[in-house]
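Numbers in our numbering are just positions in the sequence shown, counted from 1, shifted up by 1.
All C-beta atoms, glycine included, are put in the ideal place defined by N, C-alpha and C.
Note that the coordinates shown come from a computational prediction; the quantities given were computed from them, not determined experimentally.
Right, one structure below, let's go through it.
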Amino acid sequence: MSQSGNGRPQARESYRVSVTKDYLVFASAHFITFAGHRCEGLHGHNYRARVTLDGALDPESWFVFDFVALKHLMRDLCDEIDHKVLLPLQNPKIQIGYEGESVTVAYEGKPRYVFPKTDCALLPVTNTTVEMLAQLLATRLRAELDKRGARGLTAIEMEVEENFGQSAFYRVELESLT
Ligand SMILES: [Zn+2]
2 MSQSGNGRPQ ARESYRVSVT KDYLVFASAH FITFAGHRCE GLHGHNYRAR
52 VTLDGALDPE SWFVFDFVAL KHLMRDLCDE IDHKVLLPLQ NPKIQIGYEG
102 ESVTVAYEGK PRYVFPKTDC ALLPVTNTTV EMLAQLLATR LRAELDKRGA
152 RGLTAIEMEV EENFGQSAFY RVELESLT
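Shown next as structure tokens:
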């Protein structure tokens, strides 16, 4: 909020920064479950992430957040799940098991896949939809920002695109970081 000194009404100002780069991509395999008894076959996407941070200007550097640091954080988050099979740990229809160095996947009790453990990203989500992936990336980014003592941020918005022109957004307001 700022007060202009010339009698005009107060104006509410806000700033945000946004990052999307060629390297903020992850090429991963997944399948999702639908309502009822329908489950996709395994397939892949070249996912792309874009993040936007809303916040106050840093009083010494006059930016919302350091672009270089934000790009590094996002790149690490994408790299973690790049070239992996994305598996949801919280889907009631999917049972994940472990056998030695393998991960077994059953759908409604019926065995479906066996993957090498090193090729899997076991994710704390209910389904690997782009909505849930956006929420996961935003949650992980928020934890990293917290760790680094980021201040003044008021929102994180994460977009995950799975095909050209087909993406989901997740937005979280950050009371605790202000
Ligand atoms: Zn898909």
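I'd like the list of long-range same chain contacts for residue i, defined as Cβ closer than 7 angstroms, with 5 residues on each side in sequence excluded.
i      : result
Pro112 : Thr105
Gly153 : Gly56, Ala57, Asp59, Thr179
Ala135 : Met159, Glu160, Val161, Ala169, Phe170, Tyr171
Gly42  : Phe32
Cys79  : Leu25, Val26, Phe27, Ala50
Lys72  : Val20, Lys22
Arg76  : Tyr24, Leu25
Residues in its own chain within less than 6 angstroms of residue i by CB, not counting five upstream and five downstream?
i      : result
Glu109 : Lys94
Tyr114 : Val106
Cys40  : Thr34, Tyr108
Do residue i and residue j have their C-beta atoms closer together than 9 angstroms?
i      : j      : result
Thr180 : Gly45  : This structure leaves residue 180 out entirely; the chain is present only between 2 and 179.
Val20  : Arg49  : no
Phe66  : Ala139 : no
Val173 : Arg149 : no
Val52  : Ile157 : yes
Pro89  : Thr129 : yes
Output needed for residue i: all residues of its chain with C-beta closer than 8 angstroms, excluding positions within five of it in sequence on either side, in chain order.
i     : result
Gln91 : Pro125, Val126, Thr127
Ser29 : Gly45, His46, Tyr48, Ile82, Asp83, His84, Lys85, Val86, Leu87, Ala122
Tyr99 : Thr105, Lys118
Arg9  : none
My assumption, with CB atoms under 8 angstroms, is that residue i sits in contact with residue j. Please give the rounded CB distance.
i      : j      : result
Ile82  : Ala122 : 4 angstroms
Glu132 : Pro117 : Their Cβ separation, rounded to whole angstroms, is 28 angstroms, which puts Glu132 and Pro117 out of contact at 8 angstroms.
Leu54  : Val86  : Going by Cβ atoms, the distance from Leu54 to Val86 rounds to 30 angstroms, so no, they are not a contact pair.
Tyr145 : Leu74  : Correcting the residue identity first, residue 145 is Glu in this sequence and not Tyr. Indeed they touch by this definition, with Cβ atoms about 5 angstroms apart.
Is residue i near ligand 3, in the sense that its beta carbon is under 8 angstroms from a heavy atom of that ligand?
i     : result
Glu41 : This structure simply doesn't include ligand 3; it includes ligand 1 instead.
In chain order, what are the residue ranges of uninterrupted beta strand (DSSP E) at least 3 long that sit wholly in the stretch 84-119?
Here the runs fully enclosed are 86-89, 95-100, 103-108, 111-117.
Where are the beta strand (DSSP E) runs, 3 residues long or more, that stay fully inside the stretch 116-156, in chain order?
DSSP runs (the beta strand (DSSP E)) wholly in the stretch 116-156: 121-124.
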